[in-house]
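J.:
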Amino acid sequence: MCGIAGSLSRRSESIFSVKPAIELLQHRGPDNSGEWHDAHIALGHTRLSILDLSPAGHQPMSCRNARYWTTFNGEIYNFIELRQELLALGCTFDGQSDTEVLVAAYAQWGKACLEKLRGMFAFGIWDRTRQRLFLARDRVGEKPLYYWYDEEYFCFASELRALLALLPHRPCLDPAAIDLYLHYQYVPEPKTPLHGIHKLSAAHCLSIAPASWQIQMTAYWDLEQIEALEGKPTELIGEELDRALPLSLRSDVPIGIALSGGLDSGAIAALAAPRCRDTLQAFSVGYPGHPPYDERRQAEKLAKLLKIPFHAVELLTEDFVDFFPTLIAMTNDPIADIAAYGHYAVMKLASDHGLKVMLSGHGGDELFWGYPWVVKAVQLTERKRRSAERPIFPQYVWKLIESLGQHRIYQRLSQSGKVPAYLRTLLQKGFEFSRLSPSSSSLVFYDMLADFRNGLNYCRNIYSPAFQEQIPDRNAWQPFDSREHDHLPPPLRICDVLMKTWLVSNCLALGDRLSMASSVETRIPLLDYKLIEVVTGLRKSHADHNLGPKFWLKSLLKGIVPDELLTRPKRGFEPPAREWMQAVLHRYEKLLLSGSLLELQVLSSDAVDRLYTEFRTRQKHIFFLYKLLVLEIWYRTVVLQEALCV
Numbered sequence: 001m002c003g004i005a006g007s008l009s010r011r012s013e014s015i016f017s018v019k020p021a022i023e024l025l026q027h028r029g030p031d032n033s034g035e036w037h038d039a040h041i042a043l044g045h046t047r048l049s050i051l052d053l054s055p056a057g058h059q060p061m062s063c064r065n066a067r068y069w070t071t072f073n074g075e076i077y078n079f080i081e082l083r084q085e086l087l088a089l090g091c092t093f094d095g096q097s098d099t100e101v102l103v104a105a106y107a108q109w110g111k112a113c114l115e116k117l118r119g120m121f122a123f124g125i126w127d128r129t130r131q132r133l134f135l136a137r138d139r140v141g142e143k144p145l146y147y148w149y150d151e152e153y154f155c156f157a158s159e160l161r162a163l164l165a166l167l168p169h170r171p172c173l174d175p176a177a178i179d180l181y182l183h184y185q186y187v188p189e190p191k192t193p194l195h196g197i198h199k200l201s202a203a204h205c206l207s208i209a210p211a212s213w214q215i216q217m218t219a220y221w222d223l224e225q226i227e228a229l230e231g232k233p234t235e236l237i238g239e240e241l242d243r244a245l246p247l248s249l250r251s252d253v254p255i256g257i258a259l260s261g262g263l264d265s266g267a268i269a270a271l272a273a274p275r276c277r278d279t280l281q282a283f284s285v286g287y288p289g290h291p292p293y294d295e296r297r298q299a300e301k302l303a304k305l306l307k308i309p310f311h312a313v314e315l316l317t318e319d320f321v322d323f324f325p326t327l328i329a330m331t332n333d334p335i336a337d338i339a340a341y342g343h344y345a346v347m348k349l350a351s352d353h354g355l356k357v358m359l360s361g362h363g364g365d366e367l368f369w370g371y372p373w374v375v376k377a378v379q380l381t382e383r384k385r386r387s388a389e390r391p392i393f394p395q396y397v398w399k400l401i402e403s404l405g406q407h408r409i410y411q412r413l414s415q416s417g418k419v420p421a422y423l424r425t426l427l428q429k430g431f432e433f434s435r436l437s438p439s440s441s442s443l444v445f446y447d448m449l450a451d452f453r454n455g456l457n458y459c460r461n462i463y464s465p466a467f468q469e470q471i472p473d474r475n476a477w478q479p480f481d482s483r484e485h486d487h488l489p490p491p492l493r494i495c496d497v498l499m500k501t502w503l504v505s506n507c508l509a510l511g512d513r514l515s516m517a518s519s520v521e522t523r524i525p526l527l528d529y530k531l532i533e534v535v536t537g538l539r540k541s542h543a544d545h546n547l548g549p550k551f552w553l554k555s556l557l558k559g560i561v562p563d564e565l566l567t568r569p570k571r572g573f574e575p576p577a578r579e580w581m582q583a584v585l586h587r588y589e590k591l592l593l594s595g596s597l598l599e600l601q602v603l604s605s606d607a608v609d610r611l612y613t614e615f616r617t618r619q620k621h622i623f624f625l626y627k628l629l630v631l632e633i634w635y636r637t638v639v640l641q642e643a644l645c646v
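Just so it is clear: in the sequence shown, position 480 is 480 by full-length UniProt numbering, and no numbers are missing.
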């Protein structure tokens, strides 16, 4: 795993060094760094040595008489097979790294090489003959790639702070992106919180040449293109997982696993342990007093069964509070996921034990229906389609029902702890029924979540008037509700949106930044693209969302993992969320009440004061205030580069 950066100039005489970005990426690659310049282009790289530890893996790296130069972040898991294919075509190699195979593959096949790559990657390749820069990102977005351009320069980097170091000016906040963040708790890609800075979308590539200065963007993979697959699901999924896992275990350094007490990480541990010849180690986190959400005992029990050395760290509230500004700075993006500290702590623990590579069970929930609310969204969307085909009410009646379900008082009552549980359940059922209106968005999805719906209510009043005017559309769901995909079955559409929002912009973004903060590479076998293709292809022929959570995965794991693992409720590295949020809101209150978001007139000071007063007196608005605090600290530490001392 590595850090990459580059700058392209429209005029050859105005190219500049990328050293400032490389210095900010040292944590991603502490073993080695390099920079290469040519007319129009500068490429930089920091290296975390995992495959071919020799100097032959140094980057930026060239190929074909120095025609092609690359800076590459990630791992090409099938590089051995590709190397053999390229050798048969007459290619020669100086070392054993996957980077050398990647640049040779691009030299041989051009953009079509992406169809052959199995792994996680973000890279840039400069073609000196054609004078063209090519960037690409892996299919699910495990590796990040930010970029910015104007009329003279195009810059890219692995992290936002590194990219900012290359820009001629500080970008301003993007109002539409900030509004999305306050609904989702992250900014959905390809947007970022800063105007003019983008993320290259997962499964996309782009090219740009100084001569034309036009960005050509292409999607090279999509769930919609996957063909239906017939066969026995457990057999086909098991066979593909058996092929994917050994590829993700290729490494010239020891490997560990982030082990909770849940099914996904437990399955990866059980499948990987026999293949790692007693070198695999397990790492976990826990909390004082072993509360019900502390899964150390279950994780340690599984580790002992698999004969894996087990290590755990206990997370204290006071340590989380002290570390909070540093944690937010490490994420590079504002992501208000309270689980971030647990992910960081387990990777730091692994790093302290000398590990550079960790396996993760991420992706199982997104691929195998691990979230009950997502299954409910699919079911409601299916009902919505049937309702549209055979309307049971006139349009004006549906509009009335929809308006009632969205009313603030209705929403408040349906979520109030003071309302009896049976009545809250009835109100929630009423809201779900209101979402069946043919006039509303074609999918029922994120608007199922109370925190998402609350975002709209809060955002009606939280912004300053000047900032509010700059938000073009008040429907935060609309960017992902394009009706051009209405022909797709609801399960496929919802899986696609889930992977392109929550998975990539929250889970994978946190996983990458918080592991790389400790110079650790995370590998995710359940997100192997061929495994995703098998599951998606089967799903087009066999409906599985009504069979129960992770039915296919559990079926193939019977006899491989302990039975109790198949029935245990999902938790992951779940922290004492309310306690932690309250603690940081008290400690860092002054940062928000006299901070940059007020100075920039993003927020209304009266509205923030009112929310904080109700938080102090009635313990209300905790999660929304937490999102505001994360945004404030992110802006100060990442954009302004402040060192906060509170």
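Virtual Cβ for every residue (Gly too), placed ideally from N, Cα, C.
1) Report the option in SER201, ARG128, GLY90 whose CA atom is closest to the CA atom of GLU189.
2) Does the beta-carbon distance from GLY124 to ILE4 come in below 8 Å?
3) Roughly how many angstroms lie between the CA atoms of GLU227 and ASP365, to the nearest whole one?
4) In the DSSP output, what is TYR149 paired with across the bridge?
5) Answer yes or no: the CB of GLU235 versus the heavy atoms of the ligand COA, is any distance below 7 Å?
6) Does the beta-carbon of GLN619 have 16 or more other beta-carbons within 10 angstroms, so that it is buried, or is it exposed?
7) Would you kindly work out how many angstroms separate the C-alpha atoms of LEU316 and ALA177, rounded to a whole number?
8) Any idea what DSSP makes of ALA209, helix, strand or coil?
9) Report the residue ranges of all alpha helix (DSSP H) runs contained in full by the region 14-46; include only those spanning at least 4 residues, in chain order.
10) To the nearest angstrom, report how far apart VAL444 and ILE328 are at their CA atoms.
11) Quick check on the burial criterion: 16 or more other C-beta atoms within 10 angstroms. Buried or exposed for HIS204?
12) So, do the region 311-326 and the region 262-275 have three or more beta carbon pairs nearer to each other than 8 Å?
13) For residue 648, which three-state DSSP category applies?
14) Considering only residues of the region 316-344, which uninterrupted alpha helix (DSSP H) runs meet the minimum length of 4 residues and lie entirely inside it, listed in chain order?
15) Please state if the CB of GLU35 and the CB of GLY29 are separated by a distance shorter than 8 Å.
16) Give me the residue from PRO233, ARG636, THR218, GLU142 with the minimum Cα distance to SER594.
17) Where does GLY6 land, buried or exposed, given buried means 16+ other C-beta within 10 angstroms?
18) For the region 69-134, which segments carrying the beta strand (DSSP E) assignment without a break, of at least 3 residues, lie completely within its bounds, in sequence order?
19) Rounded to whole angstroms, what's the CA-CA distance from GLN26 to THR46? Just pull it up for me.
20) Quick one: what's got a C-beta closer than 6 Å to LEU631's C-beta in the same chain, skipping five residues either side?
21) Rounded to whole angstroms, what is the Cα-Cα separation between LEU566 and TRP126?
22) Can you tell me where the alpha helix (DSSP H) with residue 648 in it begins and where it stops?
23) For ASP138, which residues of its own chain have a beta-carbon under 6 Å away from its beta-carbon, when the five flanking residues on both sides are left out?
24) Suppose contacts are defined by Cβ-Cβ distances below 8 Å. Is VAL346 in contact with ALA258 by that definition?
25) Can you tell me where the beta strand (DSSP E) with MET217 in it begins and where it stops?
26) What whole-angstrom Cβ distance do PRO359 and ALA272 have, given they're in contact under 8 Å?
27) Please name the residue, chosen from ALA607, LEU527, HIS195, ARG460, that lies closest to ARG243 on a Cα-to-Cα basis.
28) Please look up how many angstroms separate the CB atoms of PRO233 and TRP634, rounded, as I've assumed it's under 8 Å.
29) For the beta strand (DSSP E) that LEU531 lies in, which residues bound it at each end?
30) If the criterion is Cβ atoms closer than 8 Å, does the pair LEU514 and ALA340 meet it?
31) If contacts are defined as beta-carbon pairs under 8 Å, then LEU182 and LYS627 qualify, I think. What distance do you get, rounded to the angstrom?
32) Taking the Cβ atom as the reference point for each residue, do VAL638 and ARG161 lie within a distance shorter than 8 Å?
33) Does the Cβ-Cβ distance between GLY286 and ALA269 come in under 8 Å?
34) Look at the alpha carbon of TYR463 and the alpha carbon of ALA336, and state the distance between them as a whole number of angstroms.
35) Count the other C-beta atoms from every protein chain shown that fall within 10 angstroms of the C-beta of GLY559, then say buried if there are 16 or more, exposed otherwise.
36) Around the C-beta of ARG118, are 16 or more other C-beta atoms found within 10 angstroms, so that it is buried, or is it exposed?
T.: So, to answer that:
1) Within the sequence shown, numbered from 1, the residue matching residue 189 stands at position 189. Of the listed residues, the one whose Cα sits closest to GLU189 is SER201.
2) Position 124 of the sequence shown holds residue 124. Position 4 of the sequence shown holds residue 4. Contact: yes.
3) Taking the first residue of the sequence shown as position 1, residue 227 is located at position 227. Taking the first residue of the sequence shown as position 1, residue 365 is located at position 365. Looking at the two C-alpha atoms, the distance is approximately 22 Å.
4) As a working mapping, residue 149 is identified with position 149 in the sequence shown. In the DSSP secondary-structure assignment, TYR149 is bridged to PHE154.
5) By its list of ligands, the structure shown contains no ligand whatsoever, and the ligand COA lies outside what it can speak to.
6) Numbered from its first residue, the sequence shown carries residue 619 at position 619. Its Cβ having fewer than 16 others within 10 Å, GLN619 is exposed.
7) Residue mapping note: residue 316 aligns to position 316 of the sequence shown, counting from 1. Residue mapping note: residue 177 aligns to position 177 of the sequence shown, counting from 1. Each residue's alpha carbon lies about 33 Å from the other.
8) For the purposes of this step, residue 209 is taken as the residue at position 209 of the sequence shown. It is coil, neither helix nor strand.
9) Secondary structure remark: continuous alpha helix (DSSP H) runs of at least 4 residues inside the region 14-46, in chain order: 19-23.
10) Here residue 444 corresponds to residue number 444 of the sequence shown, with the count starting at 1. Here residue 328 corresponds to residue number 328 of the sequence shown, with the count starting at 1. VAL444 and ILE328 have their C-alpha atoms roughly 31 Å apart.
11) In the sequence shown, counting from the first residue as 1, residue 204 sits at position 204. HIS204 comes out buried.
12) Two segments are said to touch when three or more pairs of C-beta atoms, one from each, lie closer than 8 Å; by this definition the region 311-326 does not touch the region 262-275.
13) This structure does not reach residue 648, given that the chain is present from 1 up to 646, and the question cannot be answered.
14) Secondary structure within the region 316-344: the alpha helix (DSSP H) runs of 4 or more consecutive residues, fully enclosed, are 317-331 (chain order).
15) Counting from one through the sequence shown, the residue named residue 29 turns up at place 29. Counting from one through the sequence shown, the residue named residue 35 turns up at place 35. Contact flag unset, no.
16) For the purposes of this step, residue 594 is taken as residue 594 along the sequence shown, with counting starting at 1. Nearest C-alpha to SER594 among PRO233, ARG636, THR218, GLU142: ARG636.
17) By one-based count along the sequence shown, residue 6 stands at place 6. Buried: at least 16 other Cβ atoms inside 10 Å.
18) For the region 69-134, the continuous beta strand (DSSP E) assignments of 3+ residues that do not extend past its boundaries occur at 119-127, in sequence order.
19) On the sequence shown, residue 26 is found 26 positions in, with the first residue counted as 1. On the sequence shown, residue 46 is found 46 positions in, with the first residue counted as 1. Inter-residue distance for GLN26 and THR46 is about 6 Å (C-alpha atoms, whole angstroms).
20) The sequence position of residue 631 within the sequence shown is 631, counting from 1. Residues PRO334 of the same chain have their beta carbon placed closer than 6 Å to that of LEU631, with the five preceding and five following residues left out of the count.
21) Residue 566 sits at position 566 when you count from the first residue of the sequence shown. Residue 126 sits at position 126 when you count from the first residue of the sequence shown. Rounded to whole angstroms, LEU566 to TRP126 spans 48 Å at the Cα level.
22) Residue 648 is absent from the structure shown; the chain starts at 1 and stops at 646.
23) Along the sequence shown, one-based indexing puts residue 138 at 138. These residues qualify, in order along the chain: MET120, PHE121.
24) Mapped onto the sequence shown, residue 346 falls at position 346. Mapped onto the sequence shown, residue 258 falls at position 258. Taking 8 Å as the Cβ cut-off, VAL346 and ALA258 qualify as a contacting pair.
25) Locating residue 217 in the sequence shown gives position 217, where the first residue counts as 1. Note, MET217: beta strand (DSSP E), 216-219.
26) On the sequence shown, position 359 is the one that residue 359 refers to. On the sequence shown, position 272 is the one that residue 272 refers to. The sequence shown places Leu at residue 359, not Pro. The beta carbons of LEU359 and ALA272 sit about 6 Å from each other, so the pair counts as a contact at 8 Å.
27) For the purposes of this step, residue 243 is taken as residue 243 along the sequence shown, with counting starting at 1. Selected option, being the one with the closest Cα: LEU527.
28) On the sequence shown, position 233 is the one that residue 233 refers to. On the sequence shown, position 634 is the one that residue 634 refers to. Between PRO233 and TRP634 the beta-carbon gap is near 42 Å, outside 8 Å, which marks them as no contact.
29) Here residue 531 refers to the residue found at position 531 of the sequence shown. Careful: LEU531 lies outside any beta strand (DSSP E), inside the alpha helix (DSSP H) at 529-539.
30) Taking the first residue of the sequence shown as position 1, residue 514 is located at position 514. Taking the first residue of the sequence shown as position 1, residue 340 is located at position 340. Yes. Within cutoff.
31) The sequence position of residue 182 within the sequence shown is 182, counting from 1. The sequence position of residue 627 within the sequence shown is 627, counting from 1. Contact holds; Cβ gap of about 6 Å.
32) Translated into positions along the sequence shown, residue 638 becomes position 638. Translated into positions along the sequence shown, residue 161 becomes position 161. VAL638 places its beta carbon less than 8 Å from that of ARG161.
33) Numbered from 1 along the sequence shown, position 286 holds the residue referred to as residue 286. Numbered from 1 along the sequence shown, position 269 holds the residue referred to as residue 269. Not closer than 8 Å, so no.
34) Taking the first residue of the sequence shown as position 1, residue 463 is located at position 463. Taking the first residue of the sequence shown as position 1, residue 336 is located at position 336. Straight-line spacing of the CA atoms in TYR463 and ALA336 works out to 19 Å.
35) Locating residue 559 in the sequence shown gives position 559, where the first residue counts as 1. So GLY559 ends up on the exposed side.
36) Reading the sequence shown from its first residue, position 118 is the one you call residue 118. The C-beta of ARG118 has 16 or more other C-beta atoms within 10 Å across all chains shown, which makes the residue buried.
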